[in-house]
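Single-structure report; data block below.
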Amino acid sequence: MNPSEHPRKPDGQHNTARLNRRAVLKAGAAAGLISTVPWNVQRVQATLPPEQVKLEDPKSNMTPFVNPLPNPLAEAFRMKPGPSGNTYDVSLVNTTHVFHENDGDPWETVETDVFAYRDNNDDSAFGSGTFPGKTFVVESGKSSRVKYTNELFDGQFLPIDTTVHGASGEDKSNPRTVTHQHGGKTQPPSDGNPEDTRTPGKPQVMQYSDINPASTLWYHDHALGITRLNVYAGLAGFYIVRDEDEADLNLPSGDYEIPIVLQDRCFDTEGNLFYPYEGEDVDGNPIGTPENPRVPLEFFGNVSVVNGKVWPRLEVEPRKYRLRFLNGSNSRFYNLEIQHYNGGSGNSPTVHQIGTDGGFLFDGPETLTDRLLLAPGERADVVVDFSGINTGTEFLLHNNAGSPFKGGNFGGDDALPDIMLFEVVDSSGPDNSEVPSTLPASFPGLEELSEEDAVNVRRLTLLEGVETIPTTDGAGTVDRLQPRLGVLPNLEGQDTLDVAELEGDLWDDPVTEDPKVNQAEVWELYNFTEDTHPIHLHIVQFKILGKYELVENGGEFALDEFGVPEREETNLMDTNERGPKDTVRANPGEVTRILVPFDTFPGETVWHCHILEHEDNEMMRPMKVGGKPNKNK
Ligand SMILES: [Cu+2]
C-alpha cells in the first residue's frame, strides 16, 4: 500500500510533509540512491504543538492485533558489517516510523517522528532507520567496532526536564547521545558512560570485545538526564551473541527464532509520540508545564508496542519457537502468560525457559508453570511449543503486572493487559528442533561460585529522598521525591533502622563502589522504598544468591548485634532467576543478595536502577573497577 493513499487523520501540512518525505525515501531506495542523498537537506522540522493532548482511548483509533510482528533477526533487520566483517557504521537520526497500519481505521497509517539508528552500510530503505534499531548479530570471541554518529540535527521533540542531572535546554536543539551495550563485558571506554556523550555532528567509536557467550544483549542510549527520552524516541535494539555451544543445541532457528522487545507508549491525538511534561511534588500535586517540563516519577503507556508495532499479531505454526523476550519499556514491568483469546479453549502452548539476561539457566530448561515476570532491562530466552494446537486458535500474550510494580501487585486496573496475539496456522513442514535436556554453562564457574569466594560484602541501599527544585515560574521552590542509591552506614549499637535518617548518594558524589578486577563481591541491595527497582550493573554478569524479607520491628527495620538489618530465612528468589544476570529485581522491604565476579575490564562504569525515569533522576551511581584498594571484610 502506498502510504500517501491513506494519510493519517486529521489531515494537515504536518502530515503531508511526512508522507512526502517517506515517498522520497522509497523513490530513492528504488533507484539505489539513498546513500548519495544529502540527509541534512531532507530534514523535516518537528512541528509539535506546544501542548500535546494524550490519546486516552487508543484502541478506538488503532484496531489491535492487525500489524504483523516484524522479526528483528530477519536478514533485512540485521545491522550490516562493512567489508572487513566486524565494523559497523551507524548514525543516530531523526526519521519517521509507521507504528500502525490498517485500512478502515480512524488512523489508517500512524507515521510518527522518532529517533532511529541508521545503518550506513545498508543502501536499502530499510537501512534508513528502524524502530527498534536493527539487530547486531555477532560471534562470541570475535571483537567488533561500531562507529555511532549523532546526526539528530532536528533535535529532541519530547519534553526535557532541565532540573535533573546532566540535562539542559541545549538538549532540545542538540540532544546528547551515548550508546550503551547492555549486558556486555565491555571495556569501560566503550561501555557507554552517561557522561561520555556526543552532540549532533560528532561520531563515537565503540570497541566491543564480544567475549560474552551466546546471549540476548541489547543496546540503547544512556545520555545523562535524558536517557528516558532518547530511548522512548526509539534508541534501542537487540545485540545477539552466538556461539558453538548454542549452535549444538538444535534450538528453533531461522523464521522460528524471534527476539521480542516489549515497550509501552502513548500517542497524542495527532499520532505523535506523547510523553508527559508533568511530574509531581511530594504531596502528589502535578508540577511542570509544556515550557518547563518535569520528569514523571515513572512512565506508563496505554499502548503496547512490540518490535515497533502497535498490538501486533504473529502467525505461528504448530511447532516450537524460540522467543527472546526483552523488556525495553521505561518503567513498566510485565508478568506474562500466553492465554486463549476470545473464549477459545483446548491445549495451550508449553513455555520452556532456557536463558536469562546473559546466558543459559544454570539448572537446565525450566518449564514455566507460572507467569514470566520481566522488569525493565531484563531478558528471558524461552522456547514456546505450539505443537498439537488446532489451526485458527488464537492466543493473547497477557500482562497482569501493576504499575508502578511493588513486587506483588498483579491483576489490577493499572496493568496493560493486552500485549500481542499469536494465531496458529497450518504447518509448513516437520519441526526437527528440540528443547534440550541440559544446557551448556554460559560462564563456566559462575554457577559454582560461592559466597566464600567473595572478598567482601557491600551493603547498599535503595531509597526515596526529597529534592528541592525551582517552581516552573522560577519564583519559588517545590519538593519532589527523588529515588536514590547509597551505602548502608555503620549502625552497630542500634536496635532499629529509621530509614528517614538515610540520605543516600547522588551521581556526582565520590565513587564508593570500587571493586577490583577478577575479585568477587557480594552486593546486598536493601530496598527501603515501596517499589521494585531493577538494579543493573554495567560490564558484568552476576548471579543472584537470594532475596529475603527484612524483619520489621515497630515500623522500623530490626538490626542485629552488628548493626546489620535482620532478614527472614526464606529465600524468595524465583527458580528462573538462576542464570547469568545483569539486571535484578530488588523488591521493596527485601534484601536482594547478588554475587558479582568482576572478571571484566577495569575502569569507570556505572550501576543504576533501570526504571529510566529513576535513572535520569539520580538513581545511578558511578562504579570504579580496579580503582581504589578494597577493604576486605
Ligand atoms: Cu528505580
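Under UniProt numbering, the residue at position 584 of the sequence shown is numbered 584, and the numbers go up by one with no gaps.
Backbone N, C-alpha and C define an ideal beta-carbon position, used for all residues, glycine too.
Keep in mind the model is a prediction, meaning the values are calculated, not measured.
Contact between Leu152 and Thr177 holds, since their C-beta atoms are separated by about 7 Å, short of 8 Å. The chain-ordered list of residues whose CB is nearer than 6 Å to some heavy atom of ligand 1 reads Pro483, His533, Cys609, Ile611, His614 and Met619. With respect to the C-alpha of Thr391, the residue from Glu452, Arg379 and Ser348 having the closest C-alpha is Ser348.
For Pro72, the closest alpha carbon among the candidates Asp210, Leu92 and Pro132 is that of Pro132. Inclusion of Phe115 and Ala233 in the CB contact set at 8 Å is warranted, their separation being smaller than that value. For Asp123, the three-state secondary structure derived from DSSP is coil. With distances taken between CA atoms, Gln494 lies nearest to Val564 out of Gly465, Glu467, Val564 and Arg484. When the Cα atoms are used, Val295 and Gly82 turn out to be separated by approximately 40 Å. Taken in chain order, the whole beta strand (DSSP E) runs of length 3 or more contained in the UniProt domain "Plastocyanin-like" (128-245) are 133-139, 144-151, 179-182, 203-208, 215-221 and 236-242.
Looking at Ile539, Ile535 and Thr529, the one whose alpha-carbon comes closest to that of Gly589 is Thr529. By the criterion of a C-beta distance shorter than 6 Å, Met420 is surrounded in its chain by Val306, Pro312 and Leu397, once the five residues flanking it on both sides are discounted. If the five residues before and after Leu235 are omitted, its C-beta is found closer than 8 Å to the C-beta atoms of Leu92, Phe115, Ala116, Tyr117, Gly133, Thr177, Thr179, His220 and Asp221, all from its own chain and listed in chain order. A distance below 6 Å between beta-carbons, with the five flanking residues on each side excluded, links Ser427 to the following residues of its chain, in chain order: Glu317 and Pro318. Remark: C-beta atoms of Lys202 and Asn150 approach each other more closely than 8 Å. Cβ-Cβ separation between Leu416 and Asp264: approximately 6 Å, consistent with a contact (criterion under 8 Å).
Straight across, the Cα-Cα distance linking Glu448 with Glu139 is about 26 Å.
For Thr289, same chain residues with a beta-carbon under 7 Å away, outside a window of 5 residues either side, are Tyr277 and Thr472 in chain order. According to the DSSP assignment, Glu464 belongs to the beta strand (DSSP E) that extends over Ala454 to Pro470. Counting along the chain, Asn61 sits inside the alpha helix (DSSP H) bounded by residues Pro58 to Asn61. With a cutoff of 8 Å on beta-carbon distance, Asp414 and Ser304 are scored as not near each other. With distances taken between CA atoms, Ser437 lies nearest to Leu249 out of Gln156, Leu249, Gly104 and Thr163.
Taking all protein chains shown into account, Thr130 has 16 or more neighbouring C-beta atoms within 10 Å of its C-beta and is therefore buried.
The C-alpha of Ser143 lies about 45 Å from the C-alpha of Leu55.
Residue nearest to Asn86 within the set Ser60, Val146, Glu108 and Leu262 is Val146 (criterion: CA-CA distance). Per DSSP, Glu615 is one residue of the alpha helix (DSSP H) stretching across Leu612 to Glu615. Each of Asp113, Gly358, Gly407 and Glu464 was checked against the Cα of Pro444, and the nearest Cα belongs to Gly358.
Contact between the segment 399-406 and the segment 318-329 is absent: fewer than three C-beta pairs spanning the two stretches fall below 8 Å. Within a 10 Å sphere around the beta-carbon of Asn553 sit fewer than 16 other beta-carbons, which makes this residue exposed.
In the structure shown, Ala401 adopts extended strand secondary structure according to DSSP, grouped into three states. Taking 8 Å as the cut-off, the beta carbon of Phe333 is found no closer than this to the beta carbon of Leu297. Around the Cβ of Asn587, a 10 Å sphere holds 16 or more other Cβ atoms; the residue is buried. As the crow flies, the alpha-carbon of Pro175 is around 19 Å from that of Glu618. Following the DSSP letters along the chain, one finds Leu374 inside the beta strand (DSSP E) bounded by residues Leu372 to Leu374. Residue environment for Phe562: exposed (fewer than 16 other C-beta atoms within 10 angstroms of its C-beta). Rounded to the nearest whole angstrom, the CA to CA distance from Gly579 to Lys543 is 6 Å.
Assigned with DSSP and collapsed to three states, Thr575 falls in helix.
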